[in-house]
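Numbers given in this note's numbering equal positions in the sequence shown, counted from 1, plus 863.
Note that CB positions come from ideal geometry on N, CA and C, so glycine has one too.
A quick write-up on the structure given underneath.
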Amino acid sequence: MELAYFSQQTGHHFRFPRPALSALNPPRIAEAVRDGIADLFMRTTGYLVDMKGHSAFCLEAQRGGFLTPGDLNALTLYPNGYGLHLLTKAVVAKAERCIKVDREQFLSRSQRQDLVDRLAVPFVDLGRASRIALACAEAGLITNETLAPVLSRVVDSGAELENVAEEALDRLLPEEQRLSRNLFDGEPDEYCVVETYIDGDYFFLNATERNVFLLDLPKCDDDFLPVHVLLFKTLDAMSSCLIPFMTPAHTVGPNGMFCYGIGEVYEALSELVDLSDEDATIAFLTNLDDASCPCELEYVGLSFYDRAEGEAFDPDMVERAATMLCEMHDVQSNYGYGIEGGQQGRERDIKQLIVEAQDSLLAGSKYQALLQVLKEALEICLQENAVGSTFHQSNHVGSAESGCGFFDTVWVEVRDRFPNLSAEALDWFNANAQECADICIGLPIDSAEVLAQTTIPIIERTQRCFALLRRIQLSLEAICHA
864 MELAYFSQQT GHHFRFPRPA LSALNPPRIA EAVRDGIADL FMRTTGYLVD MKGHSAFCLE
924 AQRGGFLTPG DLNALTLYPN GYGLHLLTKA VVAKAERCIK VDREQFLSRS QRQDLVDRLA
984 VPFVDLGRAS RIALACAEAG LITNETLAPV LSRVVDSGAE LENVAEEALD RLLPEEQRLS
1044 RNLFDGEPDE YCVVETYIDG DYFFLNATER NVFLLDLPKC DDDFLPVHVL LFKTLDAMSS
1104 CLIPFMTPAH TVGPNGMFCY GIGEVYEALS ELVDLSDEDA TIAFLTNLDD ASCPCELEYV
1164 GLSFYDRAEG EAFDPDMVER AATMLCEMHD VQSNYGYGIE GGQQGRERDI KQLIVEAQDS
1224 LLAGSKYQAL LQVLKEALEI CLQENAVGST FHQSNHVGSA ESGCGFFDTV WVEVRDRFPN
1284 LSAEALDWFN ANAQECADIC IGLPIDSAEV LAQTTIPIIE RTQRCFALLR RIQLSLEAIC
1344 HA
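The following block contains the structure:
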């Protein structure tokens, strides 16, 4: 029923109120449903509709004969953004039916491969990549001849720029310095243990496994003893002046990073019993009671709480504890040689060690090759000590704060020495490593200044140290396997 109107003599028309629902005036359900559909679409997906652009597109389609009067019913039913969306879809569908593309001929094989390669390149923020590449160029790591063609190809992603910067930084630590290499059954076993990558404004050194330098030492007779002492003092100097790697004293010594509990027991018992004598140590531990024990024996696997009153410790556990304490005595007495702390103390000791190495070389020692490497290492340590550029990895981004830093994975070990302590240290290391997603150190690369002052010196010292450790290892192998 049409709405009724009342006409006054003035000519003005006024609409009466809508009458109540009746059989002659049903509710407009279809219209309400359409309005609801349109409102829901515009709230959730309305961002897809470009009112101005899509309207112009549909108008051109109508002028070009793509639309029939029936297609325009969408706008009649939905005079809003949803109707325009439906009409645009209809135009696109009709256009698709008029266009036939041969996918095989549309792009050549080389063009398709080029497209795939481009799509596979991850997006890298162009501003950040440019800043890093420029910093590397200003620091002398990238030449203008290398950088210029890359800049000419850059469009919207800095992936290629970042790759150029990463390659330049990678060259500071050559591939051979990233390998762990040790002899097993007379054959060298090599595998990569260091990975590098850029993440954000940092260049990361990431350890995939421990980097172990296994040393073969000859019998420590009167001829080799002075060289033996010089060797371990040199290793301590390298650890202090180059990078903080793990010497035997650092891993399994009384103050070692991974055996400090056993070290506490060792320090407490060393004044009560001769820990160089395993039999005497076993007898002492067997007769030790709770009241007279000066330390916590749990660190060496013995517990008074687990022992019934009147009973003795398990003999096997006592023997193992005594073996570890005797091994620690061996570490402290024969492999714990070091230099003084402090810049001036290190300088005095290193200079004295250089003189000793030179005197041994002039005296015609049969360990000439090893002594020459040790002398070179000490001279490098003296140079770095003069610069005073020692660092703590906990001051850098990475995993050190989680309990295990990158340089904690670099171990110098002595073949066939202190196996029980080494196993204990490895267990502690693995427990700490499990707390870290990656064992790494992040070095800043966001400016030429920080590259020159921090990152490049650390990587160069790392490269030098790894190279020297490898030469020391090879020199000892030549002596023992001649």
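Every alpha helix (DSSP H) stretch that sits fully inside the region 1238 to 1310 and reaches 4 residues is listed by chain position as 1282 to 1296.
Ranked by how close their Cα comes to the Cα of Leu1216, the residues Pro985, Leu1046, Leu1024 and Leu1098 have Leu1098 in first place. Using a C-beta cut-off of 8 Å, the region 1314 to 1330 makes no contact with the region 1218 to 1237, since fewer than three inter-stretch Cβ pairs fall below that distance.
For Cys999, the three-state secondary structure derived from DSSP is helix.
Collapsing the DSSP output to three states places Tyr1168 in coil. The three-state secondary structure of Ala919, taken from DSSP, is helix. Annotation for Leu930: Ala924 place their beta carbon closer than 6 Å to its own, counting only its chain and skipping 5 residues before and after. Residue burial is scored here from C-beta neighbours: Cys921 has at least 16 other C-beta atoms within 10 angstroms and is therefore classed as buried.
Where Asn1069 is concerned, the enclosing beta strand (DSSP E) starts and stops at Tyr1065 to Ala1070.
The beta-bridge partner set that DSSP reports for Leu1078 consists of Val1277.
Under the three-state reduction of DSSP output, Tyr1230 falls in the coil class, being neither helix nor strand. Below 8 Å, too few C-beta pairs join the region 1163 to 1181 and the region 1204 to 1224 to call them touching: fewer than three. DSSP places Tyr1060 in the strand class (E or B) of the three-state scheme. DSSP places Leu1046 inside the beta strand (DSSP E), whose first and last residues are Leu1042 to Phe1047. Within the region 895 to 940, no run of beta strand (DSSP E) reaches 3 residues while sitting entirely inside it.
Per the DSSP secondary-structure output, Asp1052 pairs in a beta bridge with Asn1045. Taken through DSSP and simplified to helix, strand or coil, Met1109 comes out as strand. When C-alpha distances from Glu1239 are compared across Thr939, Gln1221 and Ile900, the shortest belongs to Gln1221. For Cys1158, the secondary structure class from DSSP, reduced to helix, strand or coil, is coil. In the structure shown, the three-state DSSP call for Gly1208 is helix. CA-CA distance, Asp1193 to Leu1080, rounds to 15 Å.
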